[in-house]
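Let me begin by presenting the structure, written as structure tokens, before commenting on it.
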Amino acid sequence: MLSVQEALDLDFAAASSSCGARDMGMDIITCGFTPWGPDSCPSLDQVMASRTAAAEPPPREEEAEVADEEEERRQRRKESNRLSARRSRERKQQRLEELRGTAARLRAEKQALEERLRALTRHGLAVCRQNARLRAEADALARRLREARRLLALRRFIAGHALPTPMMMPPPLQQHQQAAGVAPGAPLGLTSLMT
């Protein structure tokens, strides 16, 4: 099979004389197959160039379209970036407000806890003072109870025996009676023992 260029390079005159087309009064080149005459026949490169030139727009229009598309993309990117930045600022502002609210709430809780701690400290000190007072009071009462028991035991001992004369009375009992205002020979009562 011949290539297109080889087919164009063929000698059409020789081919037409060998096939008898001249006898019929027709020339292969001018028999209606091509619109060109034998002298103005374009080459294959010229035919292909004319087809591509007709299909492609002029370079200026193409560049303008590309520039317009790029500008449109750039504008869309700018708008998208602006929206994204606005959303980011809104999120940050919302987070800042949340953090401020949390900080205010925590400050109020801290202040309430500090006041409660101060009240508990005051109460603890009052309880410690009261506890010390009650211990001192309990110690004093325990001493008085021991003294009363000792005096009661002494009274029982004296009641079980003959009433001694004041000279025979033990010295602490004499001192106690004298402090209570009881005569040395008077009977000892419970009230005199408890004072």
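195 is the number that UniProt numbering gives the last residue of the sequence shown; the numbers go up by one with no jumps. By construction, the Cβ of each residue, glycine as well, lies at the ideal position given by its N, Cα and C atoms.
Assigned secondary structure, residue i (DSSP; H/G/I helix, E/B strand, else coil)
i	result
S43	coil
H123	helix
L193	Caution is warranted here: a pLDDT of 46 is assigned to L193, below 50, making its placement in the model unreliable, and the coordinate value is therefore given only provisionally. In the structure shown, L193 sits in a helix (DSSP, three-state: H, G or I).
E6	helix
Whole-angstrom distance between residue j and residue i, CA atom to CA atom
i	j	result
A153	Q130	34 Å
E71	N81	15 Å
E63	L83	30 Å
D45	E6	14 Å
R156	E137	28 Å
R89	R95	10 Å
A49	S43	10 Å
K78	A85	10 Å
L151	H161	15 Å
L99	R118	28 Å
V127	A142	22 Å
Q93	G101	12 Å
A132	E97	52 Å
A103	Q75	41 Å
R73	E61	18 Å
R122	R87	52 Å
R116	A148	47 Å
beta-carbon residue i near the ligand MN non-hydrogen atom, thresh 8 Å
i	result
R89	Of ligands this structure carries none, so the ligand MN is not represented either.
Complete alpha helix (DSSP H) runs within the region 56–102 (minimum length 4 residues, chain order):
none
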